[in-house]
Amino acid sequence: MQIYHRPRMASAISAQQLTVSFRGRGRRPDVTALHPLDLELERGRITGLLGPNGSGKTTLLRVLAGLLEPTGGSVAVLGELPTSTAMRQRVAFQPEGMLPMPVLTGREFLAFVGAAIALPNRVADERIAHWLRRLELDGAADRALGGYSTGMQKRLNLAAALLGEPELLLLDEPTSGLDPFGSELVMQVLRERAAAGATVLMASHQLLEVEEICDEVLVMHRGRLCARGTLAELLATGDRALVFRGLDDAAVDEVKAAVVARGGEVLRVERAREHLFALFRRLAQQGDDASPR
Amino acid sequence: MTKGRGPFGLVLRRCLGLATLPTLLATLLAWWLAPRSEGEPLAAAAAAEPWVALPLLCAAAICTLATAGFWPMFAQGRPGADMVRRLHPRRLQGGGRAIAAALVAQALLTTAVLLPLLPAIGAPAKANAQVTATADRDVLLPGDGSVGELAFTVPAGRTYRAVTIRPLAGAPADGLVPTRLHLHGDDGALSEHEIAVDDSLQVFQLRFAPRPLRHFRLVRNGGTVPLLFPPGSVTVQLDAAHPTWANALLLVLVLLLPSWLALGLGCLCGRAAALPTTATVVAALLFVATVGELGPAASALRRVLRGEWLLGESLFASLTGGGVLRTGLPLLLVGCAAMFVASRVQPWRRR
Chain A
11 MQIYHRPRMA SAISAQQLTV SFRGRGRRPD VTALHPLDLE LERGRITGLL GPNGSGKTTL
71 LRVLAGLLEP TGGSVAVLGE LPTSTAMRQR VAFQPEGMLP MPVLTGREFL AFVGAAIALP
131 NRVADERIAH WLRRLELDGA ADRALGGYST GMQKRLNLAA ALLGEPELLL LDEPTSGLDP
191 FGSELVMQVL RERAAAGATV LMASHQLLEV EEICDEVLVM HRGRLCARGT LAELLATGDR
251 ALVFRGLDDA AVDEVKAAVV ARGGEVLRVE RAREHLFALF RRLAQQGDDA SPR
Chain B
58 MTKGRGPFGL VLRRCLGLAT LPTLLATLLA WWLAPRSEGE PLAAAAAAEP WVALPLLCAA
118 AICTLATAGF WPMFAQGRPG ADMVRRLHPR RLQGGGRAIA AALVAQALLT TAVLLPLLPA
178 IGAPAKANAQ VTATADRDVL LPGDGSVGEL AFTVPAGRTY RAVTIRPLAG APADGLVPTR
238 LHLHGDDGAL SEHEIAVDDS LQVFQLRFAP RPLRHFRLVR NGGTVPLLFP PGSVTVQLDA
298 AHPTWANALL LVLVLLLPSW LALGLGCLCG RAAALPTTAT VVAALLFVAT VGELGPAASA
358 LRRVLRGEWL LGESLFASLT GGGVLRTGLP LLLVGCAAMF VASRVQPWRR R
């Protein structure tokens with residue numbers, strides 16, 4: 011049974027002592043997937059949910075999506091129970107894994123989602139066309155889902171999640187299986203949605219992407235929330251570092267000597283290099299230019 | 058308006074898309090191979106029945122299995138089940154609408170098969186209701202000639218046109234000589250036709266000019282095979298005729314019962330089992346309830362091919378008659394019960 015508590019008005023997600031246990035089968039003991047967890051997430055922010063496999067990320071997302079009833083504690087999403095009917099449109103959940111009904115075309119699948127969240131056909135059609143274009147799927151819109159690559163399925167799944175213009179997006183591994191361009195596109199879209207006021211909670215193993223996009227990070231381990239804060243807070247060591255470039259070797263040696271003389275420590279001196287994504291994009295661009303269309 | 062985009066519309070399109078061509082081909086095969094009626098309607102019906110059943114079973118099997126395979130909530134562990142469960146959070150998670158769509162698709166295809174096929178293979182153009190005749194005293198016609206006739210009574214005030222018998226035959230004391238029977242009314246022979254019975258459950262029809270009737274007799278005219286006429290084994294055919302298309306539409310409804318049972322139990326099975334298990338359950342139930350005569354489908358088809366009106370008294374016939382209601386009602390109830398239980402049982406969830 012779900013228990014409701016009055017959340018803070020600004021909270022997108024509010025949980026108190028939220029607990030989820032799975033009953034063991036046969037002689038196996040019960041498994042506690044989420045130990046009592048307190049959580050308040052503000053609206054309009056992008057929050058990353060990090061943790062190793064089995065740490066409870068997906069369980070937490072499924073509870074927030076209304077798919078799993080907590081065994082203890084209370085939870086409210088956008089001020090209401092996660093299972094309330096209105097949440098189907100106000101909260102979007104993008105589960106990990108393949109899409110249902112692989113014989114449907116991408117457009118049919120989005121139309122099915124639009125109908126399920128009670129969008130009128132005309133509105134749904136407009137939004138479907140928009141999101142197919144925005145997520146670069148318009149060329150494959152009339153192909154069966156079974157023929158989609160993993161990346162295309164991910165992007166279509168995101169399009170389905172965005173169809174109802176939800177206030178809260180719960181995303182489970184939104185960029186796993188995507189190529190760098192696909193990931194970049196998804197990140198852009200999520201930034202746009204957050205800028206428009208939507209709240210995003212995304213579980214991910216892509217640490218660089220989380221670092222790039224998230225305002226805040228939750229770190230889970232074995233069903234417990236073990237760290238929480240902004241990246242600046244979590245990644246700060248208390249030390250300050252000096253980063254420079256454009257000096258020749260002699261000048262670098264002088265700087266190193268000065269650092270040591272003042273009691274500092276030179277950890278490493280490395281050649282400046284470009285970001286791997288920039289290299290990837292440049293090479294892909296060269297390939298596009300070289301091959302006839 | 059979101060019509061046609063939900064589970065009902067999707068499943069309906071899926072079933073029609075998959076089943077139309079195979080059903081059409083099976084119908085053409087049935088039309089090509091089914092023997093045509095040549096005077097004796099009962100023999101012709103028996104010969105044509107397997108061929109006519111082929112496209113009907115084809116439509117039923119494809120619609121039910123396509124539905125179980127298409128809608129993710131008919132099995133555990135299907136891709137995207139979480140998404141569908143969230144979008145359709147009611148108790149059956151869209152399963153009820155998917156089943157309704159499968160039945161509508163099957164009904165459309167079955168109607169499209171039966172309406173042209175029945176006249177094409179020479180099925181009777183009209184259907185007549187049947188009334189069970191009641192034996193006045195004895196129901197056994199011994200093979201030794203000690204009793205020469207059996208008397209039957211039918212409801213008064215109606216006009217009849219034929220008597221159908223389906224007796225049980227016993228072992229003859231002497232050598233086997235088929236027992237020959239004549240039909241007599243209150244005022245002499247009703248039919249000049251004589252029938253010879255030498256085995257159990259042979260079906261014979263004795264026709265006569267339409268006339269009001271109250272009593273009739275089956276008169277033995279030689280032979281050594283003892284014949285037993287249990288209740289329901291002698292029926293008379295009313296003269297009032299109904300169009301065969303109406304009878305075909307009733308048959309369509311009867312043919313939906315096995316599919317309803319199979320999908321209802323498939324829905325329940327899907328709460329805990331994976332797709333191969335659910336598909337096996339659905340296919341097995343459909344086969345047993347359609348071809349295996351667990352339900353009324355096979356006998357209803359036979360009756361339509363014989364020109365018997367399905368809404369007649371045979372609807373309630375018992376024992377040998379195997380009435381539509383008697384055999385169909387359990388399927389309907391079990392299907393309903395399965396759906397109800399499925400709606401109350403939470404899917405078994407893996408962590």
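Protein sequence lines, in the order shown, are assigned to chains A and B.
Here the first sequence is numbered in my numbering, starting from 11 and rising by one per residue.
Here the second sequence is numbered in my numbering, starting from 58 and rising by one per residue.
All residues carry an ideal CB built from backbone N, CA and C; glycine is no exception.
**Asked** Can a CB atom of chain A be found closer than 9 Å to the CB of His145(B)?
**Response** yes
**Request:** Compile a chain-ordered list of the residues in the segment 111 to 131 of chain B whose CB is closer than 7 Å to at least one CB of chain A.
**Result:** Phe127 and Pro129
**Asked** What residues are listed by DSSP as bridge partners for Leu181(A)?
**Response** Gln104(A) and Met212(A)
**Item:** Delimiting residues of the alpha helix (DSSP H) encompassing Glu206(B)
**Value:** Glu206(B) -> not in any alpha helix (DSSP H); beta strand (DSSP E) instead, spanning Glu206 to Thr210.
**Message:** Residues of the segment 126 to 141 of chain A in Cβ contact with chain B at a cutoff of 8 Å, in chain order, please.
**Reply:** Ala126, Ile127, Ala128, Leu129, Pro130, Asn131 and Ala134
**Asked** Can you list, in chain order, the residues of its chain whose CB lies under 7 Å from that of Asp201(B), leaving out five sequence neighbours each side?
**Response** Ala230
**Asked** Can a CB atom of chain A be found closer than 9 Å to the CB of Asp138(B)?
**Response** For clarity, residue 138(B) is Ala in the given sequence; the question names Asp instead. True, the Cβ-Cβ gap to chain A drops below 9 Å.
**Asked** chain B partners of Arg98(A), CB-CB under 8 Å?
**Response** Arg143, Leu144 and Pro146
**Message:** I'd like the list of long-range same chain contacts for Ile127(A), defined as Cβ closer than 6 Å, with 5 residues on each side in sequence excluded.
**Reply:** Arg98, Gln99 and Gly174
**Message:** Quick check: Val309(B) and Thr210(B), are their CB atoms within less than 9 Å of each other?
**Reply:** no
**Partner residues on chain A for Leu67(B), Cβ-Cβ distance less than 8 Å** = Met111, Leu114, Glu118 and Phe122
**Prompt:** With 9 Å set as the bound, which would you pick, yes or no: does the beta-carbon of Gly63(B) sit closer than that to a beta-carbon of chain A?
**Reply:** yes
**Message:** Between the segment 229 to 248 of chain B and the segment 301 to 315 of chain B, can you find at least three pairs of beta-carbon atoms closer than 8 Å?
**Reply:** no
**Message:** Can you give me the C-alpha to C-alpha distance between Gln198(A) and Glu106(A), rounded to a whole angstrom?
**Reply:** 20 Å
**Item:** Residues sharing a beta bridge with Glu52(A), DSSP
**Value:** Ser21(A)
**Request:** Using a Cβ cut-off of 8 Å, pull out every chain D residue sitting near Gly76(A), in sequence order please.
**Result:** Of the chains in the structure shown, none is chain D; the protein chains are A and B.
**Request:** Report the three-state DSSP secondary structure of Cys324(B) (helix, strand or coil).
**Result:** helix
**Message:** Quick check: is the beta carbon of Arg328(B) nearer than 9 Å to any beta carbon in chain A?
**Reply:** no
**Request:** Following the continuous alpha helix (DSSP H) through Gln133(B), name the residue where it begins and the one where it ends.
**Result:** Taken as a continuous stretch (DSSP letters only), Gln133(B) belongs to no alpha helix (DSSP H), as it is neither H nor E.
**Request:** Return helix, strand or coil for Val141(B), following the three-state DSSP convention.
**Result:** helix
**Request:** Determine the direct distance from the alpha carbon of Leu78(A) to that of Ser31(A), and round the result to whole angstroms.
**Result:** 10 Å
**Asked** Rounded to a whole number of angstroms, what is the C-alpha to C-alpha distance between Ser84(B) and Pro224(B)?
**Response** Sequence check: residue 84(B) is Thr here, not Ser. Taking the straight line joining both Cα atoms gives about 34 Å.
**Prompt:** Phe254(A): buried (16+ other C-beta within 10 angstroms of its C-beta) or exposed?
**Reply:** exposed
**Message:** Any beta carbon of chain A sitting closer than 9 Å to that of Arg71(B)?
**Reply:** yes
**Request:** Could you give the DSSP three-state label for Val234(B): helix, strand or coil?
**Result:** coil
**Which of helix, strand or coil DSSP assigns to Leu390(B)** = helix
**Message:** Using only the alpha-carbon positions, how far apart do Ala266(B) and Glu206(B) sit?
**Reply:** 22 Å
**Message:** Buried or exposed for Trp128(B), going by 16 or more other Cβ atoms inside 10 Å?
**Reply:** buried
**N-terminal and C-terminal residue of the alpha helix (DSSP H) that Gln294(B) is part of** = Taken as a continuous stretch (DSSP letters only), Gln294(B) belongs to no alpha helix (DSSP H), being part of the beta strand (DSSP E) at Val291 to Pro300.
**Request:** Identify which residue in Val391(B), Leu351(B) and Ala305(B) has its Cα closest to the Cα of Leu171(B).
**Result:** Ala305(B)
**Message:** Considering just the uninterrupted stretch of the beta strand (DSSP E) at Thr160(A), what are its terminal residues?
**Reply:** Premise fails: Thr160(A) lies in the alpha helix (DSSP H), Thr160 to Leu172, not in any beta strand (DSSP E).
**Request:** Kindly say whether Leu162(A), judged by its beta-carbon, lies nearer than 9 Å to any beta-carbon of chain B.
**Result:** Per the sequence shown, the amino acid found at residue 162(A) is Met instead of Leu. By this cut-off, Met162(A) is not an interface position.
**Message:** Under 9 Å, Cβ to Cβ, is there at least one residue of chain B near Ala22(A)?
**Reply:** no
**One or two residues paired with Glu226(A) in a DSSP bridge** = Thr57(A)
**Message:** By the DSSP assignment, the beta strand (DSSP E) with Leu235(A) in it spans what residues?
**Reply:** Arg234 to Gly239
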